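Presented below is the structure to which this report refers.
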Amino acid sequence: MFSLFILAILLVSASVEAVYLRAEKASRRDVYIPKITSPTAKTVWVAGTTVDVTWDTSDAPQNITNGLGRVVLGQINSYNNSEHLDFEHPLAADFSILDGNVSFSAPDVPENDNYCIVLFGDSGNASPAFSIIEP
C-alpha cells in the first residue's frame, strides 16, 4: 500500500514537472524591434499615392511575442520630441511582422515635414521625421 502511495506521488510529481517545462518553453518569446528602413528623413509621401514602409527582418528571432504588425502615423512635436500617434486610424494592420514591408495609401493630412510612422508588433519602432505633401 505504501509503495502505491509513493508511486502515485512520483507520477503526480512527474506530470506537474512536464506541464511546467512545456509552459516554460512556450513562454520563451523574444521581443522583436525591427529597424525601419523606409521612410527615411529624406522621404516625401504624396497624399493619396501608394507608399511602402519597409523594415529589416534579417535578425528576427524564432519566437516572437506578437507576429502581427500595425503601422500608425505620428506627428513629432518639436518642443518635447513626442510622437502624437494616431492609434484610431492605423495606416496598415494585421500583416506579418516578418514580411519586411507593407503598402498602403498615403494619408490625406495637412502638408508638413514632421511626420513619422511607428511599426508595432512586439514593440514600437519609430521612423525619422519625413514629409507628407498634397498632390
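Sequential numbering from 108 applies to the sequence shown in our numbering. For glycine and all other residues, C-beta sits at the position ideal for the given N, C-alpha and C. Predicted model only: the values in this text are computed from it and were never measured.
Item: Bridge partners - threonine 172, DSSP secondary structure assignment; Value: Threonine 172 pairs with nothing; no bridge assigned.
Item: Beta bridge counterpart(s) of tyrosine 222 as assigned by DSSP; Value: Gln182, Phe237
Item: Straight-line gap, alanine 213 to proline 242 (C-alpha atoms, nearest Å); Value: 11 angstroms
Item: Touching by the beta-carbon criterion (3+ pairs, under 8 angstroms), the segment 141-157 and the segment 183-202; Value: no
Item: Short Cβ contact (7 angstroms threshold) for serine 238 with aspartate 215; Value: no
Item: Residue environment, alanine 130, which counts as buried when at least 16 other CB atoms sit within 10 Å; Value: For alanine 130, the predicted structure reports a pLDDT of 42, less than 50, and the residue's modelled location is therefore unreliable. The matter cannot be settled from this model.
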